[in-house]
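2 protein chains.
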Amino acid sequence: MTAASIRARLRAEMTDEIKAAARRHLATDGANLSLRAVARELGMASSAVYRYFASRDELLTALIIDAYDALGAAAEAAAEQGSWLAVCHAVRDWALANPHEWALIYGSPVPGYQAPSDTVGPAIRVILALGRVVQEAAAAGRVEIGRPVGGRLGAELAGVAERAAPGVPPQLVARCMAGWIHCCGAVSAELFGQLNNTIDERREFFEFQMRGAMSWIGIR
Amino acid sequence: MTAASIRARLRAEMTDEIKAAARRHLATDGANLSLRAVARELGMASSAVYRYFASRDELLTALIIDAYDALGAAAEAAAEQGSWLAVCHAVRDWALANPHEWALIYGSPVPGYQAPSDTVGPAIRVILALGRVVQEAAAAGRVEIGRPVGGRLGAELAGVAERAAPGVPPQLVARCMAGWIHCCGAVSAELFGQLNNTIDERREFFEFQMRGAMSWIGIR
DNA sequence: CGCCGTCAAGAGCAGTGCTCTCGGTATGGC
DNA sequence: GCCATACCGAGAGCACTGCTCTTGACGGCG
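Here it is, written out as structure tokens:
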């Protein structure tokens, strides 16, 4: 172990500690994260944090990437079961356990913040996991393929299908994306208070919706 | 016209002017609205704004209520056509025209902000409009009623149906709510950048999704 | 006319993101 | 082993924020 690597390790540890403190603050204060408060909690000057993150936005970006990765990992683990519904529930469970991080990645984007390209990789893990589940189901003959989509949208979907899941009919890709969007919407609706004073049986209602999405997609 | 009413009118005009300026700032700077910047634009001291809104949150609440009302009005106007799809498109069109206000009401809630009860009235106008459309369609025999929902969710849905749309089967109410949630999710996904680099034919894809929701709900 | 409610303005407080500078420490090349 | 160098932490400082308090002025009403 060379000296340089010691330094690098210390730096990585400090970076992780800052992120952990930031996550804690995120859980209590919400999205308007105060860099100074994080520094205070760690007992260091606010300016020292800038040695590790060039700006508050960069810290947020790191948290966003971590959140995407954590959600993606949870979804991929659930996808092992080969069940669309299991993935949806895994997503919802993760969101309920980490509501502020869900808001960070699927809520309104912070103004002026432009997602760097580093985020797209972790961001698509969930939809890819869902896609694999459906692909397997389709290979096993458990999916009913719907009518093709025409027009320019159809052509565009064909391109998307070719890039993301070669061999899968574009209309199935489209329905998967729609199902995933419905899943996101259902989780956000529950988390952001749209169901307050209306639905208490949150989990059942979520499953009801996702079963509906499945039936429309054509998963048997 | 008594003096008191002159005062009241001036006050109302000033309030409207502040809200208009705030909306302008919202459109450019996003959700982190600066009360001082609004005051600067109006050429008055920041403290003067507090004569009209007790706090920044109160100003935001006023904007939220206005946004709900504007969206609700757009939805209700579209509902006159009796078409579920038209209402969805009206919602999306409004959101595209007022993206920051959409984010304000359907994005991540600002931390520490508790929606006052004044907001629930305007908030439910859209879903009520959708409900009326489906109710009319059902009365005309254009809706296929699905299987009933059992369990505690079924009982809860029965209560919701009784309060919001007496006579409508609970499972239809549930599917309407799910469709509305899917609509919100689709609009948010488009607005918040989830479709970037994937789908360019936004309108077609949105309609594809909403037609899917309709078919699952059972609207013919 | 005088009173009082309403309004706007300014100063001020605590907090924020971020920059710059300054000292101290440890790293890596000689 | 020595020293330049890179790195790191702390502090001061700037411009900004939300919000409060005080002060002064205007104008309708008794």
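So the sequence lines, in the order shown, correspond to chains A and B. Residue 23 in my numbering sits at position 23 of the first sequence, with consecutive numbering throughout. Residue 37 in my numbering sits at position 37 of the second sequence, with consecutive numbering throughout. Just so you know, even glycine gets a beta-carbon here, dropped at the ideal spot from N, CA and C. Predicted model only: the values in this text are computed from it and were never measured.
Beta carbon of residue i nearer than 8 Å to that of residue j
i	j	result
D118 of chain B	E156 of chain A	no
W102 of chain A	V187 of chain A	yes
A165 of chain A	G131 of chain A	yes
L42 of chain B	I64 of chain B	no
A73 of chain A	L191 of chain A	no
P170 of chain B	G193 of chain A	no
R142 of chain A	R220 of chain A	yes
A189 of chain A	I127 of chain B	no
G185 of chain B	G185 of chain A	yes
Coil, strand or helix - residue i by DSSP
i	result
I127 of chain B	helix
I199 of chain A	coil
S83 of chain B	coil
I219 of chain B	strand
V143 of chain A	strand
A77 of chain A	helix
P206 of chain B	It should be noted that the sequence gives Phe, not Pro, for residue 206 of chain B. Three-state result, F206 of chain B: helix.
R11 of chain B	helix
P170 of chain B	helix
R36 of chain A	helix
A165 of chain A	coil
G212 of chain B	helix
Q194 of chain B	coil
S47 of chain A	helix
A90 of chain B	helix
M1 of chain A	Because M1 of chain A carries a pLDDT of 40, less than 50, the predicted location of this residue cannot be relied on, and no value is offered for it.
D16 of chain A	helix
S117 of chain A	helix
L63 of chain B	helix
P122 of chain A	helix
Y52 of chain B	coil
V110 of chain B	coil
A21 of chain B	helix
G30 of chain A	coil
V134 of chain B	helix
G159 of chain B	helix
Inter-residue Cα distance where the pair is residue i and residue j
i	j	result
E204 of chain A	A79 of chain A	20 Å
A178 of chain B	A75 of chain A	22 Å
L172 of chain B	V134 of chain B	9 Å
Q216 of chain B	E144 of chain B	As written in the sequence, residue 216 of chain B is Trp, which differs from the Gln given in the question. Each residue's alpha carbon lies about 10 Å from the other.
G218 of chain B	A174 of chain B	12 Å
C183 of chain A	M14 of chain A	36 Å
P99 of chain A	A27 of chain A	8 Å
E58 of chain B	A140 of chain B	44 Å
R163 of chain A	Q209 of chain A	29 Å
S46 of chain B	A54 of chain A	32 Å
G167 of chain B	A161 of chain B	8 Å
C176 of chain A	A123 of chain A	16 Å
G154 of chain B	Y106 of chain B	26 Å
A70 of chain B	N196 of chain B	27 Å
E207 of chain A	V49 of chain B	47 Å
L33 of chain B	G212 of chain A	39 Å
I202 of chain A	A97 of chain A	This sequence places Arg at residue 202 of chain A; Ile is not what is there. So the alpha carbons of these two residues sit roughly 14 Å apart.
R92 of chain A	A21 of chain A	24 Å
R9 of chain B	D16 of chain A	56 Å
L35 of chain B	R24 of chain B	12 Å
R7 of chain B	A39 of chain B	20 Å
A138 of chain A	G150 of chain A	21 Å
R152 of chain B	R152 of chain A	44 Å
R56 of chain B	T198 of chain B	37 Å
Chain-order list of residues whose beta-carbon lies under 8 Å from that of residue i (same chain, five-residue window excluded)
i	result
E136 of chain B	G82
T2 of chain A	At T2 of chain A, the pLDDT of 44 sits below 50, so the modelled position is not reliable; the number obtained from the coordinates is stated separately. Closer than 8 Å at the Cβ level, and outside the excluded window around T2 of chain A, lies no residue.
P116 of chain B	T61
L104 of chain B	L26, A31, L60, L63, I64, A67
A129 of chain B	G72, A75, E76, A78, A79, V87
R11 of chain B	Y52
R125 of chain B	Y68, D69, L71, G72, A73, A75, E76
A158 of chain A	P170
M44 of chain A	none
Same chain, Cβ closer than 6 Å to residue i, neighbours up to 5 away in sequence not counted
i	result
A90 of chain B	A74, A75, A78
M214 of chain A	W84
A4 of chain B	Its pLDDT being 48, under 50, A4 of chain B is placed unreliably by the model, and the measurement read from it follows with that caveat. Once the five neighbours on either side are set aside, A4 of chain B has no close Cβ partner at all.
Beta-carbon contacts of residue i that lie in its chain and below 7 Å, excluding the five residues immediately before and after
i	result
D29 of chain A	none
A37 of chain A	H25
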